[in-house]
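Chains as they are written, first to last, in my numbering: chain E, 23 to 410; chain F, 3 to 384; chain U, 1158 to 1467.
Cβ atoms here follow ideal geometry from the backbone N, Cα and C, with glycine treated the same way.
Predicted model, so just to flag it, every value in this text is computed and none were measured.
Here's what the structure looks like:
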């Protein structure tokens, strides 16, 4: 088992570089578990938009009531009233909408004079349209009263309006299944896992390959009494052991973060899916290990391949937000199918043959990737040997 | 002498494949990935017609007012008022559309208007708001008639069905607040900081205790600082060209919006490049230890700084700048990002020039400390 | 005097690397600085070149004090460091041209100097090669070419032959002698006594940061008592033989090392015949016999009590 031992010696000498990825992943995993903590409620809740409300007019009853009305539809974010902090907040979506009531608005409005509220929004955004609707609705309701009745006091107006505005549609929620956000979080965890796992496998496997492909060493090995078959067997064993250790290390913290959930059928599906993913990841790493020649190239390739596949396959940005062309391109990587399966596991409400079959089909595609890449690698190795 | 050293340093640095990869190719690849991943992101936020189903039954047919309101809310010619893409179905058909995710809600008349939903969300809230609005207007009209029956004759119907727009939109800044551009700005900032590899390299080849080449160069009759400054000029030149190529790639090929003030954009690139290169020299000269450790510090440092300026999570920049503004001013990546951001988004230049000033201060700080280390000509050990 | 070093003292923490080191090198000499690893040869060179700080002592080159700013002195010096000091990213030609360019600005003059240097070390066919493609020996030759292209008057070589194949080693040693014939003064450090014996006009032996002996090789060998060294393979080593041999005339010492008897004679005395006669008459069976004149190693051994090489 000489070769096998050497394999892990080489891994050990690269341990710092490999551990960086483990820590990056754990960092992301911890961050993830602290966000997305709102459980998904089964009854209907109105979406709330973050806005800044700046009143340059007097504290009129009309405007205070507008604020009270908006209260149930928006979150008021307190910001310094200077241009820059409002602009910044809008850019980074701390707020999505700015309402600015100009001076003298109430007086002119009550006299039916032409007035307007100044607003700033994220152009073309849904939240912008929603806010437009809300404010216009409030002011239009007031307008109708003012246009029709000249003798109404501001107070009367408000009372009437509030009665009207309390009218609301009856909501029937169709979906009664209790949803748990653990699914969602766990899917994120497992999606991110693909990044670190891929990077570690490429680095580790190619580091070992590079040592064994070193010309002088290769000659010496070829001269040793060890049979080529036996050596290859030990290499394969080494690759698999390394992959298994990495995989176990990566999934271990999911048991800590999500506890007993990991033993439910969904949790086990996540684990199974990640295991299937290690196969094409290993075989691609093996291909890369056979192609590259220098340590510098190694870190370059591992970075580009792991980051690249994750970006286009929906690890960092959800698949639903990616363009069609990008997704089509991504479907040529195993990561895409892996992420797709994770998302499907999280989304599925009930698990039966109908919902499980597509998942297994995706996993089969990953295995297909593994086999195809392995075949290509073996052909390359054979050709290289022919040349040497 | 300047040209001799400058020319050979250019040759050395451009031929170093590893450095050229990290300073030029890697940012371009990352930029492409950002582009692929984010190109659709702003459309996620953008409003598109909400798909709904209406159960076409007797009660619905009777409610002419609602039908008219719905008609106008789903009329594509209605500009901003156009909200919905309506399908008329049976209840069962509608429910299967809803479960399949083809529509977002069903309007169903059954002893009053009901809204059937599967989940909560902004689009669902808008559908609800539409129905609320309809019911509220009815309530208003009946309230007015109750108080004043003649109102009907005085144009109440007209008044209640006409919709007046009370809003006047002011744009947020000189360009749309498109969050994704910030990712590309941080990318340039990261690339600038990666220029530190060049700076580090120049220190290594000029300090006799760091490399054999340096010992040889130190023995030549040219002042050490002169050799160093000429070498740094070469490093900055290459990095500036790299940043220029990256900028061209982002603007011409990927069509990322950088605003139009080319002079100021170039000024930012120059300031960022010089800061990055001197940052590398600074780390190279003050940190004791092998080259591996120094490169590790540079990578970890650039990545942390890029993270804090929003490269992995766009809101990070906002959080830092509002909660710990000092950190923002000390972080060169944030300053570079902020330069581009303010050129893109603000109408004024105060922020831009403040950022540039801080970049210059940081450069001066890095250069001074590097100088204090480099000016030593004799070493305690080699 | 080309170089005059007086009482040079250098410490690394508690370790005294140079302990009142004194050295004088005259015009036209090839001075060999010989000493085991860690004896302070490289430290001495780096101090002389003003690369290292030192606690005490004075260093004059061509009669002027050496300092980092002594550019007129630096112009006359060529150095070849122990570690190969070339740029991976530059070709053989470019490397030589770069370093030469730090001394000579005139492009045309420089071109002929670079070509001459490449000729000199036998790298003319490798001008466009990158250092990575060169073998260890060729790389060392490039290292030398970079140090001498500007035709320095004083050349300092610090172990230029470490890990070099015999062919390149000969090329290098011959080259040094040629440079010397062309008028350069050479300082050459090494822990290979054969090399030093072969090319140096004067040798300084170093140990523990001090020069312990100087002179040409004959002078050095004349300093010690022992002369010829005879080694005989004896199949049945017995203590009786040792006592008998020690009683033979002109014997300085005799000892067994496994089955090899080593006998050292007094200087200028020949004991080989006497020894063989003794073995014959006692009918002691013996195998191989070697007879060697004293080496610098013997000189070192006698002065310090230890071997030159570990």
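Buried or exposed by the 16-neighbour rule on C-beta atoms within 10 Å, applied to residue i
i: residue 272 of chain E; result: buried
i: residue 1463 of chain U; result: exposed
i: residue 3 of chain F; result: exposed
i: residue 348 of chain F; result: buried
i: residue 315 of chain F; result: exposed
i: residue 261 of chain E; result: buried
i: residue 295 of chain F; result: exposed
i: residue 1315 of chain U; result: buried
i: residue 280 of chain E; result: buried
i: residue 385 of chain E; result: buried
i: residue 75 of chain F; result: buried
i: residue 211 of chain E; result: buried
i: residue 103 of chain E; result: exposed
i: residue 59 of chain E; result: Below a pLDDT of 50, predicted positions are generally treated as unreliable, and residue 59 of chain E, at 45, falls in that range; no measurement from the model is reported.
i: residue 1327 of chain U; result: exposed
i: residue 365 of chain F; result: buried
i: residue 379 of chain E; result: exposed
Three-state class that DSSP yields for residue i in the structure shown
i: residue 349 of chain F; result: coil
i: residue 1447 of chain U; result: strand
i: residue 29 of chain E; result: helix
i: residue 1417 of chain U; result: strand
i: residue 311 of chain E; result: helix
i: residue 195 of chain E; result: strand
i: residue 1164 of chain U; result: strand
i: residue 22 of chain F; result: helix
i: residue 1359 of chain U; result: strand
i: residue 62 of chain E; result: Confidence in residue 62 of chain E is poor, its pLDDT being 45 and thus under 50, which makes the residue's placement too unreliable to answer from.
i: residue 1464 of chain U; result: coil
i: residue 95 of chain F; result: helix
i: residue 1412 of chain U; result: strand
i: residue 67 of chain F; result: helix
i: residue 75 of chain E; result: strand
i: residue 120 of chain F; result: coil
i: residue 1222 of chain U; result: strand
i: residue 368 of chain F; result: helix
i: residue 343 of chain E; result: helix
Rounded straight-line distance, which links the Cα of residue j to that of residue i
i: residue 285 of chain E; j: residue 148 of chain E; result: 40 Å
i: residue 1350 of chain U; j: residue 1191 of chain U; result: 7 Å
i: residue 1159 of chain U; j: residue 1324 of chain U; result: 31 Å
i: residue 1269 of chain U; j: residue 311 of chain E; result: 46 Å
i: residue 1172 of chain U; j: residue 1227 of chain U; result: 29 Å
i: residue 150 of chain E; j: residue 52 of chain E; result: 33 Å
i: residue 124 of chain F; j: residue 274 of chain F; result: 41 Å
i: residue 370 of chain F; j: residue 1338 of chain U; result: 48 Å
i: residue 367 of chain E; j: residue 340 of chain E; result: 15 Å
i: residue 75 of chain E; j: residue 162 of chain F; result: 27 Å
i: residue 231 of chain E; j: residue 15 of chain F; result: 29 Å
i: residue 61 of chain F; j: residue 185 of chain F; result: 52 Å
i: residue 30 of chain F; j: residue 387 of chain E; result: 31 Å
i: residue 83 of chain E; j: residue 56 of chain F; result: 38 Å
i: residue 1208 of chain U; j: residue 278 of chain E; result: 57 Å
i: residue 1342 of chain U; j: residue 8 of chain F; result: 33 Å
i: residue 234 of chain F; j: residue 204 of chain F; result: 6 Å
Residues bridged to residue i [DSSP beta-bridge criterion]
i: residue 1488 of chain U; result: The structure shown has nothing for residue 1488 of chain U, since chain U only spans 1158 to 1467.
i: residue 89 of chain F; result: F:55
i: residue 170 of chain F; result: E:140
i: residue 119 of chain E; result: E:73, E:143
Query raised in the report: Is the stretch 201–215 of chain F touching the stretch 1238–1258 of chain U in the sense that three or more CB pairs, one from each, lie closer than 8 Å?
Result: yes
Query raised in the report: Do the stretch 110–117 of chain E and the stretch 176–183 of chain F make contact, defined as three or more Cβ pairs closer than 8 Å?
Result: Yes, the stretch 110–117 of chain E is in contact with the stretch 176–183 of chain F.
Query - Inter-stretch contact at 8 Å, needing at least 3 Cβ pairs: the stretch 278–286 of chain F / the stretch 184–203 of chain F - result: yes
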